[in-house]
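Peer 1:
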Amino acid sequence: MSAENAKEMVELLGDITQVGIVIEDMEKAKAGMLKVFGLKPDAESDNLYKKTWYRGEIIDAPVKAAFYNQLNVQLEFLQPVGDTDTIWHDYLDEGFRKHGHALHHLRFDVEDNDEVTKAMEERGIAKYMEGKSLVDPTATFTYYDSVEALGFIIEAVTKSKK
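Heads up: the sequence shown begins at -10 in this note's numbering, then just goes up one per residue.
#1: Give every residue of the same chain whose Cβ lies closer than 8 Å to the Cβ of Asp134, excluding the five residues on either side of it in the sequence, and list them in chain order.
#2: Excluding sequence positions up to five away, which residues of its chain have a Cβ less than 8 Å from the Cβ of Val70?
#3: Can you give the Cα-Cα distance for Ile5 and Asp125, rounded to whole angstroms?
#4: Rounded to the nearest angstrom, what separates Trp42 and Thr129 at their Cα positions?
#5: By the three-class DSSP mapping on this structure, what secondary structure does Ile48 have?
#6: Terminal residues of the continuous alpha helix (DSSP H) containing His93?
#7: Thinking Val25 and Ala138 are a contact (beta carbons under 8 Å), I'd like their distance in whole angstroms, please.
#8: Among Lys17, Glu0, Thr147, which has the Cα closest to the Cα of Gly120?
#9: Just checking my contact of Phe66 with Ile12 at CB under 8 Å: how many whole Å lie between their CB atoms?
#10: When you compare only the Cα positions, how much space is there between Gly9 and Val62?
#11: Determine the burial state of Ala20: buried for a count of at least 16 other Cβ atoms within 10 Å of its Cβ, exposed for fewer.
#12: Around the C-beta of Val(-1), are 16 or more other C-beta atoms found within 10 angstroms, so that it is buried, or is it exposed?
#13: Quick one: using the 10 Å Cβ neighbour count with 16 as the cut-off for buried, is Leu64 buried or exposed?
Encoded structure:
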């Protein structure tokens, strides 16, 4: 893909507005969000998407969803329900288990990593790894071990001092 084509796609898509996270246990995900961020969902639903197109077939696709809007990008947790093949079951079965990839971390640009570390430790979330940013040597990155609570890592990076 040429740089021009990439620019066209970025302009076409615009900003990232949501991160969807497929999970196996909604209650565990909500408990993790409460523990780490002190947040409850802004909205929840037990959806049945009726007459949904999925891989060439029309299906009814059941899913539980919880939405969090407080973090500058919406987080949507999705738990597949039942035995119907859906994109969410595919992700759990094929995406993560088969290909070994999943969401690793959410990054937050912060004023003070030490302040974030203190707040995380108060919530029982330990510092996992820390170092100097490869992109900005004046910045420090810190990963926090929120995997048990959230299923992914939280990263804090000091805002650029440039």
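Glycine included, each C-beta is placed from N, C-alpha and C at the ideal position.
Peer 2: According to the structure shown:
#1: Ile114, Ala115, Lys116, Tyr117, Ile142
#2: Asp35, Pro51, Val52, Lys53
#3: 22 Å
#4: 45 Å
#5: Judged by DSSP in its simplified three-state form, Ile48 adopts strand.
#6: Looking at the DSSP string, His93 is not in any alpha helix (DSSP H), and its letter there is neither H nor E.
#7: So it is a contact: roughly 5 Å between Cβ atoms.
#8: Thr147
#9: 5 Å
#10: 10 Å
#11: exposed
#12: exposed
#13: buried
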